[in-house]
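> Following this message is one structure expressed as structure tokens.
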Amino acid sequence: MYLKKLESVGFKSFAKRISVDFVPGVTAVVGPNGSGKSNITDAIRWVLGEQSAKSLRGSKMEDIIFQGSDTRKPLNVAEVTLVLDNHDQLLPLDYDEVSVTRRVYRSGDSEYYINNQSCRLKDIVHLFMDSGLGREAFSIISQGKVEEILSSKAEERRTIFEEAAGVLKYKQRKKKAEYK
Ligand code: ATP
Ligand code: MG
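Take the sequence shown: its letters are residues 50 to 229, numbered as in the numbering used here.
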């Protein structure tokens with residue numbers, strides 16, 4: 050599985066529709082300070098299910114919607130789509146290509162789609178769990194994360210290994226079953 054494409058409109062500084070193609074291997078995103086490099090990783094984390102505005106560097110979820118500039122009016126909706134190559138069927142779906150879309154309106158209403166079919170946030174979180182690409186996975190190492198991993202307690206570090214080993218999904222299901 051690898052990330053093939055990111056499309057977005059209205060997310061943070063991306064007022065116009067952007068489409069970024071990725072190829073297997075290394076892609077470097079370069080640009081001046083404030084040009085939107087980190088906004089790309091924020092967009093990826095958001096579509097994977099990030100629910101904390103703070104960890105997206107805002108104070109409320111509305112802050113991720115383009116708020117206008119000297120030359121452009123604010124927008125009312127933010128949308129991000131990831132297209133993933135799934136030839137290796139790492140994602141448990143019978144498709145060679147999987148797209149995931151998230152949309153949020155200023156009213157606070159959210160919509161989620163897997164392969165253009167409306168779904169719940171839960172379905173997206175579940176789809177990526179143990180794939181190595183979930184919102185709490187370690188495929189995105191942000192500033193400060195390395196230090197956090199190195200200085201974390203043994204139990205916290207255990208969660209990192211459990212996610213990497215792919216057992217987190219089963220532990221969470223077990224916990225849920227026990228509460229029922
Ligand atoms: P650095 O090199 O300093 O890390 P960067 O390329 O990572 O910079 P980002 O943090 O991705 O830059 O982008 C910050 C820019 O995004 C700022 O100019 C900020 O004004 C803009 N921005 C963030 N949220 C919004 C929003 N809701 N609407 C419009 N612009 C926004
Ligand atoms: Mg940055």
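Even for Gly, the Cβ is constructed at its ideal location relative to N, Cα and C.
In this text the structure is predicted, and so the values were computed from the model without any measurement.
Rounded to whole angstroms, what's the CA-CA distance from H136 to S57? Just pull it up for me.
Along the sequence shown, read from residue 1 onward, the residue named residue 136 stands at position 87. Along the sequence shown, read from residue 1 onward, the residue named residue 57 stands at position 8. Cα-Cα distance, rounded: 24 Å.
> So does K61 have its beta carbon nearer than 7 Å to some heavy atom of the ligand ATP?
Position 12 of the sequence shown, counted from the first residue, corresponds to residue 61. Checking the Cβ of K61 against the ligand ATP gives yes.
> Do V78 and V129 count as a contact pair if the criterion is CB distance below 8 Å?
Residue mapping note: residue 129 aligns to position 80 of the sequence shown, counting from 1. Residue mapping note: residue 78 aligns to position 29 of the sequence shown, counting from 1. No, the pair does not count as a contact, with Cβ atoms beyond the cut-off.
> State the start and end residues of the unbroken beta strand (DSSP E) segment that holds Y228.
Within the sequence shown, residue 228 is the residue found at index 179, counting from 1. No beta strand (DSSP E) holds Y228; the alpha helix (DSSP H) holding it covers 217-228.
> Going by the DSSP bridge assignment, what does D70 pair with across the sheet?
Numbered from its first residue, the sequence shown carries residue 70 at position 21. Bridge partners of D70: K54.
> Measuring only the C-alpha atoms, how far is I89 from K223?
As a working note, residue 89 is residue 40 in the sequence shown. As a working note, residue 223 is residue 174 in the sequence shown. Each residue's alpha carbon lies about 35 Å from the other.
> Hey, quick one: how far does the alpha helix (DSSP H) through S167 stretch, first residue to last?
Within the sequence shown, the letter at position 118 stands for residue 167. No alpha helix (DSSP H) contains S167, which is instead part of the beta strand (DSSP E) from 166-168.
> Return the CA-CA distance between D148 and I67, expressed in angstroms with no decimal places.
Translated into positions along the sequence shown, residue 148 becomes position 99. Translated into positions along the sequence shown, residue 67 becomes position 18. The residue asked about is misnamed: residue 148 is Ser in this sequence, not Asp. Each residue's alpha carbon lies about 16 Å from the other.
> Cα-Cα, which of V126, A226, T150 is closest to V174?
Taking the first residue of the sequence shown as 1, we reach residue 174 at position 125. Nearest in C-alpha terms to V174, of all of V126, A226, T150, is T150.
> Locate the beta strand (DSSP E) running through I163, then write down its first and last residues.
For the purposes of this step, residue 163 is taken as residue 114 along the sequence shown, with counting starting at 1. That run of the beta strand (DSSP E) goes 159-163.
> Where does K61 land, buried or exposed, given buried means 16+ other C-beta within 10 angstroms?
For the purposes of this step, residue 61 is taken as the residue at position 12 of the sequence shown. Of the other Cβ atoms in all chains shown, 16 or more fall within 10 Å of the Cβ of K61; this residue is therefore buried.
> Return the chain-ordered list of same chain residues with a C-beta closer than 6 Å to the C-beta of V132, the five sequence neighbours on each side being excluded.
Taking the sequence shown and counting its residues from 1, the one referred to as residue 132 is at position 83. Result list for V132: K53, K54, S148, in chain order.
> One question on the structure: do L105 and I114 come within less than 8 Å of each other, judged by their Cβ atoms?
For the purposes of this step, residue 105 is identified with residue 56 of the sequence shown, where counting begins at 1. For the purposes of this step, residue 114 is identified with residue 65 of the sequence shown, where counting begins at 1. For L105 and I114, no; Cβs fall outside 8 Å.
> Which first and last residues belong to the beta strand (DSSP E) in which E128 is found?
Numbered from its first residue, the sequence shown carries residue 128 at position 79. Counting along the chain, the beta strand (DSSP E) containing E128 begins and ends at 126-134.
> Pick helix, strand or coil for T76, following the three-state DSSP scheme.
Here residue 76 is taken as the residue at index 27 of the sequence shown, counted from 1. Here T76 sits in coil by DSSP.
> Measuring only the C-alpha atoms, how far is M110 from D143?
To locate residue 110, count along the sequence shown from 1; it is residue 61. To locate residue 143, count along the sequence shown from 1; it is residue 94. When rounded, the distance between both Cα atoms is 33 Å.
> Report whether the distance from the Cβ of S87 to the nearest heavy atom of the ligand MG is below 7 Å.
Taking the first residue of the sequence shown as position 1, residue 87 is located at position 38. Yes, the Cβ of S87 comes within 7 Å of a heavy atom of the ligand MG.
> Less than 7 Å between the CB of I114 and some heavy atom of the ligand ATP, yes or no?
Here residue 114 refers to the residue found at position 65 when the sequence shown is read from its first residue. Yes.
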